[in-house]
Amino acid sequence: MAAPRRPVVLVCAALLLLPLAACSKDSKRPSAASNSSSAASSLSSSSSSSTDSAPPPTTGLCSAPEIPPSAVNVTHADGDFNGDNTTDSLTVYGTGTNTQPSPYHVRIELAESHGTVDTVIADAATDNNQTVKALGGADVSSSAGLPPDGSGAEPFVEIGSGASDSLIGVFQLIGCSLTRLTGPQGTAPSQFPIGGSVTHLDGLRCDGSAGGQRLVQLSATSSDGVSYDTKETRLEVQDGKFTATANVTDKLDARDARLQEFSTLNCPGVQTP
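Using our numbering, the letters of the sequence shown map in sequence onto residues 2 to 274.
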């Protein structure tokens, strides 16, 4: 009696019209569920890639009130005060009257519609016989050896003037906070005299010779107006404060051309007061 045929042979015979791979025990045809899962995965990956490449929304814009129409002694200067390689606008203005213009404000309008910041100059001159104005900006806080502080050029503002000198305050913008740098003597707001007399001279210079730009405070004193004892003090900015890091002293004759810088402000981007 002949042995019965195996069912698998009948199955393969019934599937003669299908590809030979259908009868191979090693063939793996993806199921409909597998195809669906693969398509969903592909769609998810595409969606994630599209989301990752989309620019983030603009946030954190700075906001300050508009300059009042009655503002007096309004002056302007330019500079990159937030370090984004665009030109911002620095404005100094009084909110009083023509004869009594204080309180004064310093204001920065950021480029690319990033907003405005504004703060009061607490110790600016209170009468109209002294000059208070915007001078511009120089980056004196970012250099080799120091961590980035998040600021750009520091705004320089003339906060008052006298018979023989001008007084300069240096500010700093970090984020939407505009504050006055303090020091180098104590914790008082920065205030640098520029100018002088026959017996005493004061100046400022921006110096990039030491691997990064620094502010250098200059002074010269004389008892006879002929021979001057000079001092150059290199200043570093850390945590919102000027700190003296090195001094260089010398003796100069009144006819020495180098003595001239000891009564001037010389920083690229900053006007002479």
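Backbone N, C-alpha and C define an ideal beta-carbon position, used for all residues, glycine too.
Collapsing the DSSP output to three states places LEU62 in coil. When the beta-carbon positions are compared, PHE157 and GLY184 stay at least 8 Å from each other. Counting every other CB atom within 10 Å of its CB across the protein chains shown gives ALA125 a total of 16 or more, marking it as buried.
Secondary structure at SER90: strand, using DSSP grouped into helix, strand and coil. Here the C-alpha atom of PRO104 lies approximately 38 Å from the C-alpha atom of TYR229.
An exposed status is given to ALA255, since fewer than 16 other beta-carbon atoms sit within 10 Å of its beta-carbon. Out of SER198, VAL121, GLY97 and LEU219, the CA that lies nearest to the CA of GLY163 is found in SER198. If you compare the alpha carbons of THR98, GLU155 and GLY176 with that of SER64, the shortest gap goes to GLY176. Taking 8 Å as the cut-off, the Cβ atoms of SER223 and THR200 count as close. Counting only residues of its own chain and dropping the five nearest sequence neighbours on each side, THR100 has a CB closer than 7 Å to the CB of ASN129. The Cβ atoms of LEU216 and ILE109 lie no closer than 8 Å to each other.
Burial check for THR231: the Cβ neighbour count within 10 Å reaches 16 or more, so the residue is buried. Bridge partners of ILE175 according to DSSP: SER178. As summarised for the stretch 185 to 238, the continuous beta strand (DSSP E) elements at least 3 residues long and confined to that stretch are 193 to 197, 201 to 208 and 215 to 222, given in chain order. The bridge partners DSSP lists for LEU266 are LEU205. In terms of Cα proximity to VAL141, the closest of GLN261, THR265 and LYS242 is LYS242. Sorting THR244, ALA245, THR246 and PHE263 by C-alpha distance to the C-alpha of LYS252 places PHE263 at the top.
In its chain, beyond the 5 residues on either side, CYS63, ALA65, ARG108, ILE109, LEU111, LEU174, CYS177, SER178 and LEU179 have a beta carbon closer than 8 Å to the beta carbon of VAL118.
For the pair ALA139 and GLY270, the CB atoms are nearer than the 8 Å cut-off. With at least 16 other beta carbons inside 10 angstroms of its own, GLN218 counts as buried. With fewer than 16 neighbouring CB atoms inside 10 Å of its own CB, SER71 falls in the exposed class.
DSSP, read as helix, strand or coil, puts ALA245 in strand.
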